[in-house]
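In our numbering, the protein residues as written are 1165 to 1303. Built from N, CA and C at the ideal position, the CB exists for glycine as well. Computed from a predicted model, the values in this text were never measured in an experiment. Here the structure is laid out as structure tokens; the discussion comes afterwards.
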């Protein structure tokens, strides 16, 4: 798991080992990955794999993140922590998060636009009033 998190930023962005280690430690702690950090990926549960995928994505320090069903396999305690982590990533860093999900994952307070599809057709599109709240939180 640890190698899964630290190798991509080292190879792709040539980040310093200290920076990579610092980011990894924060994410491991935040997503409660301490118990699985030295396990091979093949031994992880679906929920653990999803947590590692979120951590690995954030390790790359993207400005835009597209996630498909990021919390469906997480236990309820970790769901809140992962959602809070993503909220902080959006608001503090002024990043963009695009989530495709069947769940009501995110708080209406930080969604700037929500598009609801049914059978491939847009059935609802909202967000203007929410954008003000999200901007206030991010600012």
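Exercise for the section: Report yes or no: do three or more beta-carbon pairs, one from the segment 1280–1287 and one from the segment 1248–1258, lie closer than 8 angstroms? Expected result: No, the segment 1280–1287 does not touch the segment 1248–1258.
Practice task
Could you spell out the range, first to last residue, of the beta strand (DSSP E) harbouring residue 1280?
Solution key: Its beta strand (DSSP E) spans residues 1278–1282.
Practice task
Could you tell me which residues DSSP pairs with residue 1264 in its beta bridges?
Solution key: As computed with DSSP, residue 1264 is found in a beta bridge with 1232.
Handout entry: Endpoints, alpha helix (DSSP H) assigned at residue 1289
Key = Careful: residue 1289 lies outside any alpha helix (DSSP H), inside the beta strand (DSSP E) at 1285–1290.
Handout entry: 7 angstroms CB neighbourhood of residue 1279 in its chain, flanking five on each side removed
Key = Closer than 7 angstroms at Cβ, skipping near neighbours: 1286, 1289.
Practice task
Note down the Cα distance separating residue 1263 from residue 1212, rounded to an integer number of angstroms.
Solution key: Distance between the alpha carbons of residue 1263 and residue 1212: 19 angstroms.
Practice task
Along the alpha helix (DSSP H) that carries residue 1187, what are the first and last residues, could you check?
Solution key: Here the alpha helix (DSSP H) through residue 1187 covers 1181–1194.
Practice task
Using beta-carbon positions only, say whether residue 1242 and residue 1202 come within less than 9 angstroms of one another.
Solution key: No.
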